[in-house]
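Numbering (this note's numbering), first residue to last: 123 to 261.
Using N, Cα and C, we set each Cβ at its ideal position, and we do this for glycine too.
Bear in mind that the values here come from a model prediction, so they are computed numbers and not experimental data.
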């Protein structure tokens, strides 16, 4: 079962990541669509959201650190709003030990260039899958 994370707020109003039920994603001819997400725009002939930078510097998961795991991978995608803020992060692949959760939390703190429809107008949409590789640096 895939895990889906969505932002919440703590008592101070700061964003936090909260586990929510998985979204239903329909696959048509090998491509994922967002037909089941209310308000999602299909991007036929449009440009998907873009990452603002490639090195994220995500913190290493504590579960992996405790178990002496030196490497891990997570594949996620992020639902990006019109203003470039992230709304949801969906973990598509998680190698365990907290890598998926750490990747989702890290992705939720980032800004993105929003997707644009064929006329160049910003639209809310999912990013393409993002692979995040964690490598523990030994002293």
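Listed in chain order, the alpha helix (DSSP H) elements of length 4 or more contained wholly in the region 223-249 amount to none.
Put simply, of 259, 246, 260 and 256 the residue whose alpha carbon is nearest the alpha carbon of residue 201 is 246. Taking 8 angstroms as the cut-off, the beta carbon of residue 196 is found closer than this to the beta carbon of residue 213.
DSSP places residue 194 in the strand class (E or B) of the three-state scheme. Within the DSSP secondary-structure output, residue 208 pairs in a beta bridge with 202.
In this chain, residue 220 is not harboured by any alpha helix (DSSP H), its DSSP state being neither H nor E. According to the DSSP assignment, residue 185 belongs to the alpha helix (DSSP H) that extends over 184-188. Closest option to residue 207, judged by alpha-carbon separation, among 180, 236 and 215: 236. By the neighbour-count criterion, in which a residue is buried when 16 or more other Cβ atoms sit within 10 angstroms of its Cβ, residue 243 is exposed. By the criterion of a C-beta distance shorter than 6 angstroms, residue 178 is surrounded in its chain by 228, once the five residues flanking it on both sides are discounted.
For residue 255, the enclosing beta strand (DSSP E) has its first and last residue at 252-257. Taking the CA atoms as reference points, residue 222 sits about 22 angstroms from residue 203.
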